[in-house]
Structure formats: structure tokens, C-alpha cells
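Everything on this sheet refers to the single structure shown next.
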Amino acid sequence: MSTLKLKDGTEIFYKDQGEGPTLMFHHGWPLSSDDWDSQVIFFLQRGYRVVTHDRRGHGRSSQDIYNHTIEQYASDAAELVEFLDLKDVVHIGHSTGGGEVIRYVAKYANGRAKKAVLISAVPPIMVASDENPDGVPISVFDGIRDQTLNNRHQFYIDLTFPFYGYNREGADVKEGIQRNWWRQGMMGGVVAHYDGIKAFSETDQREDLKATEIPVLVLHGEDDQIVPYQNAALKSIKLLKNGTLKTYPGFPHGMPTTHADVINKDLLEFIEG
453 MSTLKLKDGT EIFYKDQGEG PTLMFHHGWP LSSDDWDSQV IFFLQRGYRV
503 VTHDRRGHGR SSQDIYNHTI EQYASDAAEL VEFLDLKDVV HIGHSTGGGE
553 VIRYVAKYAN GRAKKAVLIS AVPPIMVASD ENPDGVPISV FDGIRDQTLN
603 NRHQFYIDLT FPFYGYNREG ADVKEGIQRN WWRQGMMGGV VAHYDGIKAF
653 SETDQREDLK ATEIPVLVLH GEDDQIVPYQ NAALKSIKLL KNGTLKTYPG
703 FPHGMPTTHA DVINKDLLEF IEG
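Numbering follows this note's numbering, in which position 45 of the sequence shown is assigned residue number 497; successive positions increment by one, without gaps.
This is the structure we're talking about:
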């Protein structure tokens with residue numbers, strides 16, 4: 453097991469596998485780097501170096517009770533990139549990981565990032581406000597906080613249904629995928645997960661998107677019940693200087709798992725383009 457002790461003492465679990473052009477994957481809430489298994493093996497088989505890590509408080513990393521913010525997540529990623537001396541990296545983020553990626557490339561990359569991909573990602577900002585009237589009502593996130601605090605054991609099962617579109621009529625429910633989601637979630641710390649809700653829902657990343665110079669691919673499912681694409685991808689693409697948007701009719705939030713063959717193909721095309 454490889455870990456990096458950050459400047460503040462937090463230990464970050466990471467995997468650095470393969471040789472070749474470098475890809476770094478950033479996972480979503482409340483999961484771990486294991487959520488990228490379908491992408492990791494796909495790109496290792498095609499001659500890439502693949503780096504994944506468990507965000508602080510998640511998976512096998514330290515279950516710290518402080519600093520669970522998008523800013524800190526991006527800073528942690530930067531420390532790992534510098535420690536491994538990664539260059540010309542393509543950063544790929546899913547959901548909250550997309551927020552981490554766009555903050556990283558906008559503020560911390562210092563020429564080390566080549567491209568970025570946002571998949572089902574939370575930017576620009578999820579929560580509704582006077583400036584974002586068509587966002588998700590804060591009551592929704594209060595409900596997520598309540599269920600995370602009081603019974604995340606059950607909540608992390610229930611959430612898999614909208615996450616993977618398993619609540620849709622005729623859905624082919626895969627219990628193994630649900631169990632794997634639950635397993636990853638329960639590995640992390642409840643404080644990190646609780647505080648992470650504010651991080652992924654209330655962080656305004658409009659300036660991060662505007663400041664990003666490198667090419668960015670934005671991928672989003674049109675049946676995303678967790679991060680509605682109308683309030684995310686369709687807004688992010690308007691703020692990016694060099695962005696490409698692709699949406700998928702009927703695809704859910706967890707499409708890197710449910711539709712890995714399609715997503716991997718589109719990732720490869722962008723990475724090699």
C-alpha cells in the first residue's frame with residue numbers, strides 16, 4: 453500500500469500503476485479510488501500510467517475531521533502530483549472529483565496538466581440561490597446531511613438507486629455494483645462525508661472554469677438524478693475557454709460504471725486527440 457504524508461500530516465492512499473502517458477483520476481463523494489476500476493484496467497491495457505488516490509477522509513486515507521473543502525482537495529492533489537513528479541497529466545474527475553479537478557488545473561497545475569475531463573461533475577455550483585435560481589434547493593442537501601449523520605448505513609444503499617438509475621422502470625439492477633458503492637462509502641469517515649456535502653454543493657467554481665486554459669472535455673448523462681446536467685454541464689461549457697461538451701440521453705450519474713464501454717471510448721478519443 454502506498455501512502456503520502458501531506459504537509460498537514462494527513463496520509464493519502466494512492467496507486468501509481470503502469471508506464472506511459474499519465475492519467476490521474478479523481479473520485480466522487482463518498483467513494484474511493486476503487487470507483488475507477490473500469491477505467492484503470494482499460495487504460496493500463498492501452499499503455500498508460502494511471503494514478504488514483506483516495507481523497508482525505510475517504511477510502512483508505514486518513515479520516516481527518518478538518519479541511520474537507522474543494523480547495524483542500526485540490527491542494528492535496530497538487531502535493532501528490534508534485535511528489536510523484538507527474539507532468540503532461542490528463543486529469544479526470546467524476547462528480548465531486550470534477551470540482552477537485554477544475555480547482556486544481558485553474559490554481560495549482562503550474563504547467564503540469566495537459567487536459568482535463570469533467571464527468572457528471574458538480575461545477576459551476578449546485579445549490580440554488582438568488583444568483584443560481586434553477587439550482588438544487590438547499591433542503592435537498594440538508595436531507596443528505598441528515599441521512600448521512602443519522603443512518604448512512606442504510607442511506608448508502610438507498611442512494612445507489614438514483615445514482616445508477618436503478619429506480620427507473622426496466623432498469624437492470626446490479627446488486628454487486630450497489631454493494632461495492634456501499635463498501636466504498638462505509639470505508640470513509642462520517643465527518644469527512646458530512647462536511648463534504650457542503651463542499652460539493654456550495655462551492656462556487658465559476659472563476660475556476662473561466663481561468664482554465666487547457667482543453668476540457670465535459671461529459672454528462674441526461675438522466676443524472678444526482679447532479680442535473682442542465683445546472684452543471686450546460687453551464688460549465690459556457691464558462692470554459694477551450695471546452696467540448698458531450699451529453700448522453702438516458703445515462704445516470706454513475707455512468708463511468710454503468711456505461712464504462714461508452715465512456716472509456718470517449719475518454720480515449722479525447723486523450724489521444
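Glycine included, C-beta positions come from ideal geometry on N, C-alpha and C.
Within 10 angstroms of the Cβ of residue i, are there 16 or more other Cβ atoms? Answer buried if so, exposed if not.
{"i": "E724", "result": "exposed"}
{"i": "S581", "result": "exposed"}
{"i": "A623", "result": "exposed"}
{"i": "Q657", "result": "buried"}
{"i": "V625", "result": "exposed"}
Specify, as a first and last residue, the run of the beta strand (DSSP E) that residue i falls within.
{"i": "V642", "result": "No beta strand (DSSP E) holds V642; the alpha helix (DSSP H) holding it covers V642 to E654."}
{"i": "R512", "result": "First-last for R512: undefined, no H or E at that position."}
{"i": "S454", "result": "S454 to K457"}
Which class does residue i belong to by DSSP, given the choice of helix, strand or coil?
{"i": "G550", "result": "helix"}
{"i": "T600", "result": "helix"}
{"i": "T504", "result": "strand"}
{"i": "V588", "result": "strand"}
{"i": "F703", "result": "coil"}
{"i": "R620", "result": "coil"}
{"i": "D460", "result": "coil"}
{"i": "G472", "result": "coil"}
Shorter than 7 angstroms, the distance from the beta carbon of residue i to the closest heavy atom of the ligand ATP, or not?
{"i": "Q469", "result": "Absent from the structure shown: the ligand ATP. Ligands present: none."}
According to DSSP, residue i sits in a beta bridge with which residue or residues?
{"i": "I544", "result": "F477 and V569"}
{"i": "F465", "result": "T455"}
{"i": "L697", "result": "V670"}
{"i": "V579", "result": "V588"}
Just curious, the alpha helix (DSSP H) that residue i is in, first and last residue?
{"i": "Q491", "result": "D489 to L496"}
{"i": "Q524", "result": "I522 to L536"}
{"i": "A684", "result": "No alpha helix (DSSP H) contains A684, which DSSP labels as neither H nor E."}
{"i": "R658", "result": "R658 to A663"}
{"i": "D718", "result": "A712 to E724"}
{"i": "R631", "result": "E627 to M639"}
{"i": "P614", "result": "T612 to F615"}
Contact criterion: CB-CB distance below 8 angstroms. Does residue i meet it with respect to chain B?
{"i": "E659", "result": "Of the protein chains in this structure there is only one, and it is not chain B."}
ask   = Between the segment 564-575 and the segment 527-545, do three or more beta carbon pairs fall short of 8 angstroms?
value = yes
key: contact_flag[the segment 666-673, the segment 684-699] where n(CB pairs < 8 angstroms) is 3 or more   = yes
request  = Please determine if the segment 489-504 and the segment 708-724 are in contact, where contact requires at least 3 C-beta pairs separated by less than 8 angstroms.
outcome  = yes
query = Can we say the segment 605-619 touches the segment 492-509, given the rule of at least three CB pairs closer than 8 angstroms?
reply = no
request  = Examine the Cβ distances between the segment 639-655 and the segment 493-512 and report whether three or more of them are shorter than 8 angstroms.
outcome  = yes
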